[in-house]
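Read in order, the letters of the sequence shown correspond to residues 176 to 462 in this note's numbering.
Have a look at the structure below, then the notes.
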Amino acid sequence: MSIFAKARKCDLKILDEKLGETVNESHKLKDLKKIILASKEYDEESAKEWMNTIINERKERGENEIRQQEIAERRRQDEIQIAEQKTQEEVVERRRCDEPNFAEQKRRNSNLRKLEYEERMRKEEQEMAERKRKEEQEIELRKLEYEERKRKVEMEFELQKIRLGAEGRSLNSNSVANQNVNSMQTKPKLEIHHFMKKFNSDENDISLYLTLLAAGIQIAKFNEIVKTKEQFFSLNCQGLDKGLFSPFCGHLRAVWGLLDLSSGGSNRWLLLNFDLCERIYCEKTSL
176 MSIFAKARKC DLKILDEKLG ETVNESHKLK DLKKIILASK EYDEESAKEW
226 MNTIINERKE RGENEIRQQE IAERRRQDEI QIAEQKTQEE VVERRRCDEP
276 NFAEQKRRNS NLRKLEYEER MRKEEQEMAE RKRKEEQEIE LRKLEYEERK
326 RKVEMEFELQ KIRLGAEGRS LNSNSVANQN VNSMQTKPKL EIHHFMKKFN
376 SDENDISLYL TLLAAGIQIA KFNEIVKTKE QFFSLNCQGL DKGLFSPFCG
426 HLRAVWGLLD LSSGGSNRWL LLNFDLCERI YCEKTSL
């Protein structure tokens with residue numbers, strides 16, 4: 176039954192005695208339970224309350240015994256410590272009596288302990304200063320890395336704005352030119368990304384790249400104005416304006432190494448005609 180769940184043999188013997196039953200050491204646990212259940216004085220609720228009280232009293236007695244043992248152990252340890260301390264005091268007293276320079280030795284020991292303490296504090300201060308310096312260096316390094324990343328992001332953003340602006344102007348010029356073209360043979364469309372390499376912030380110089388990008392925009396503008404070979408040669412035969420043409424030639428020389436000549440088509444044709452146009456211009460200006 177549930178009232179016997181946490182009960183021990185000693186608890187059952189006490190409950191049997193409370194119920195007026197006679198038990199001895201020869202009775203086993205199951206015999207004690209049978210005696211309790213067969214008792215005339217047995218009542219389940221009362222027996223349950225008695226059993227809980229008996230178990231709690233047993234636990235309390237056990238806790239008291241443990242506390243008493245702990246108290247006794249502490250007393251024993253205190254007595255041992257007092258005896259050892261007394262022995263040490265006796266030894267010190269004998270040494271003091273035996274050594275005439277005991278006071279000097281004591282002073283030296285005190286100074287030695289003071290020096291050891293000061294040395295320990297000095298080392299701790301040095302360690303703290305070193306840790307603080309390293310932390311400041313790490314903070315400064317992270318700050319520099321953040322500024323560098325921010326600068327690269329800003330440069331890439333500006334480059335993207337320039338590319339988008341150039342592509343937008345190129346698309347607008349292309350739209351206007353397509354409306355004026357009838358049946359003439361047109362050359363392939365030339366865009367900046369056909370002859371400009373992608374900017375790499377780890378390897379390229381931003382100033383040089385912006386200069387080359389400006390040159391690429393000028394080439395794209397000229398390519399949008401001159402749509403056919405007939406228009407180009409017609410333009411060559413007319414009087415050339417040095418103020419308009421010279422920037423194109425100069426930008427062409429600046430980006431000559433970036434043009435993709437392997438693809439042929441518009442890039443190769445544009446370079447050859449620029450070279451021809453420049454020679455014609457030089458001949459006209461020398462007359």
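Yeah, the Cβ is synthetic: ideal placement off N, Cα and C, and Gly gets one too.
Q. Any idea if Leu339 is buried or exposed, counting beta-carbon neighbours within 10 angstroms, 16 or more meaning buried?
A. Position 164 of the sequence shown, counted from the start, is the residue given in the question as residue 339. Under a 10 Å Cβ-count criterion, Leu339 is classified as exposed, with fewer than 16 other Cβ atoms of the shown protein chains found around its own Cβ.
Q: List in chain order: all unbroken alpha helix (DSSP H) runs of 4+ residues lying wholly within the segment 265-298.
A: DSSP runs (the alpha helix (DSSP H)) wholly in the segment 265-298: none.
Report task. Could you check which residue in Glu264, Leu190, Ala304 has the C-alpha nearest to that of Ser221? Result -> Position 46 of the sequence shown, counted from the start, is the residue given in the question as residue 221. Looking at the Cα atoms, Leu190 is the closest of the given residues.
Report task. Count the other CB atoms, across all protein chains shown, that sit within 10 Å of the CB of Ala341; report buried if there are 16 or more and exposed otherwise. Result -> Numbered from 1 along the sequence shown, position 166 holds the residue referred to as residue 341. With 16 or more other Cβ atoms within 10 Å, it is buried.
Pairwise C-alpha distance: Arg249 and Lys223: Here residue 223 corresponds to residue number 48 of the sequence shown, with the count starting at 1. Here residue 249 corresponds to residue number 74 of the sequence shown, with the count starting at 1. About 39 angstroms.
- Three-state class that DSSP yields for Lys223 in the structure shown: By one-based count along the sequence shown, residue 223 stands at place 48. Correct three-state label for Lys223: helix.
Q: State the Cα-Cα distance for the pair Lys263 and Gln312, rounded to the nearest angstrom.
A: Along the sequence shown, read from residue 1 onward, the residue named residue 263 stands at position 88. Along the sequence shown, read from residue 1 onward, the residue named residue 312 stands at position 137. Reading off the sequence, residue 263 comes out as Gln, not Lys. For Gln263 and Gln312, the distance between alpha carbons rounds to 53 angstroms.
Requested in this report: Output the distance between the C-alpha atoms of Ala247 and Asn239, rounded to the nearest integer angstrom.
Outcome: Locating residue 247 in the sequence shown gives position 72, where the first residue counts as 1. Locating residue 239 in the sequence shown gives position 64, where the first residue counts as 1. Spanning the two alpha carbons is a distance of roughly 12 angstroms.
request  = On a CA-only basis, which of Val198, Ile241, Ile257, Leu385 is nearest Lys336? Give me that one, please.
outcome  = Here residue 336 is taken as the residue at index 161 of the sequence shown, counted from 1. Taking only the C-alpha atoms, the option nearest Lys336 is Leu385.
- Hey, how far is the Cα of Leu187 from the Cα of Glu259? By 1-based counting over the sequence shown, the position of residue 187 is 12. By 1-based counting over the sequence shown, the position of residue 259 is 84. Rounded to the nearest angstrom, the two C-alpha atoms are 49 angstroms apart.
- prompt: What is the DSSP secondary structure of Thr228, counted as helix, strand or coil?
  reply: In the sequence shown, counting from the first residue as 1, residue 228 sits at position 53. Three-state DSSP puts Thr228 in a helix.
Distance check for Glu302 and Glu320, CA to CA, integer angstroms please. What you label residue 320 is simply residue 145 of the sequence shown in a count that begins at 1. What you label residue 302 is simply residue 127 of the sequence shown in a count that begins at 1. About 27 angstroms.
Query raised in the report: Looking only at C-alpha atoms, which of Glu331, Glu196, Val267, Lys309 sits nearest to Ile210?
Result: Along the sequence shown, read from residue 1 onward, the residue named residue 210 stands at position 35. Here the closest residue by C-alpha is Glu196.
Are the beta-carbon atoms belonging to Arg233 and Cys272 less than 8 angstroms from one another? Your numbering for residue 233 matches position 58 in the sequence shown. Your numbering for residue 272 matches position 97 in the sequence shown. In this structure, Cys272 does not lie closer than 8 angstroms to Arg233 by Cβ.
*Are Lys193 and Trp225 close, meaning C-beta to C-beta below 8 angstroms?*
Locating residue 193 in the sequence shown gives position 18, where the first residue counts as 1. Locating residue 225 in the sequence shown gives position 50, where the first residue counts as 1. The answer is yes: Cβ separation under 8 angstroms.
Straight-line gap, Arg242 to Gln252 (C-alpha atoms, nearest Å): Here residue 242 refers to the residue found at position 67 of the sequence shown. Here residue 252 refers to the residue found at position 77 of the sequence shown. Cα to Cα, the separation comes out at about 15 angstroms.
Self-check item: Buried or exposed (CB count within 10 angstroms, at least 16 for buried), Ile257
Solution: Taking the sequence shown and counting its residues from 1, one reaches residue 257 at position 82. Exposed is the call here.
Rounded to the nearest angstrom, what separates Leu316 and Lys325 at their Cα positions? Locating residue 316 in the sequence shown gives position 141, where the first residue counts as 1. Locating residue 325 in the sequence shown gives position 150, where the first residue counts as 1. Cα-Cα distance, rounded: 14 angstroms.
Can you have a look at Ile314 and say buried or exposed, based on whether 16 or more other CB atoms are within 10 angstroms of its CB? Within the sequence shown, residue 314 is the residue found at index 139, counting from 1. The residue is exposed, with fewer than 16 neighbouring Cβ atoms inside 10 Å.
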